[in-house]
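Read the structure below first, then the notes.
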Amino acid sequence: MGLIHRGSFNDKRCDATYSEHKSQVYRVQWNYLHPRVFLSCSEDYTIQIWDHTERHSMFEFFFEHEVKDVAWAPFSSTLFAAISGNAIALETMDRTKFVAGEIEKMDKLLFTARMQ
């Protein structure tokens, strides 16, 4: 089972455990604009979006392949990108999906924002 533990390195304690993933969790990332919200991706073909004060995820997104990486857009509180199979997908929390294109091999994402 894919568990996510939230805690403090300084205090060496676990404050919460999140357990909705069915397999290994590959990535967890906090939302840049909403400090209570984070997302996670897993070998179980899902992305979960969480409010850290709740024990269950708020949203679950399903993919056809394991989700290797996921990243929030630094300029949006609802947009994120994911690598699944041989494609990059852009998703929004209102469930709008854009397939950005096929890729040969990629297993990490990096969003950048250009400041005007």
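Numbering (UniProt numbering), first residue to last: 1 to 116. Beta carbons: idealized from backbone N, C-alpha and C, even for Gly.
Cβ contact annotation for Thr17 (same chain, cutoff 8 Å, sequence separation greater than five): Leu3, Ile4, His5 and Arg6, in chain order. Asp11 has its alpha-carbon roughly 27 Å from the corresponding atom of Gln48. Pairing Glu20 with Phe61 gives a Cβ-Cβ distance that is not under 8 Å.
The beta-bridge partner set that DSSP reports for Ala16 consists of Arg6. In terms of Cβ geometry, Val70 and Gln24 do not form a close pair [threshold 8 Å]. Residue burial annotation: Ser8 is exposed, with fewer than 16 other C-beta atoms found within 10 angstroms of its C-beta.
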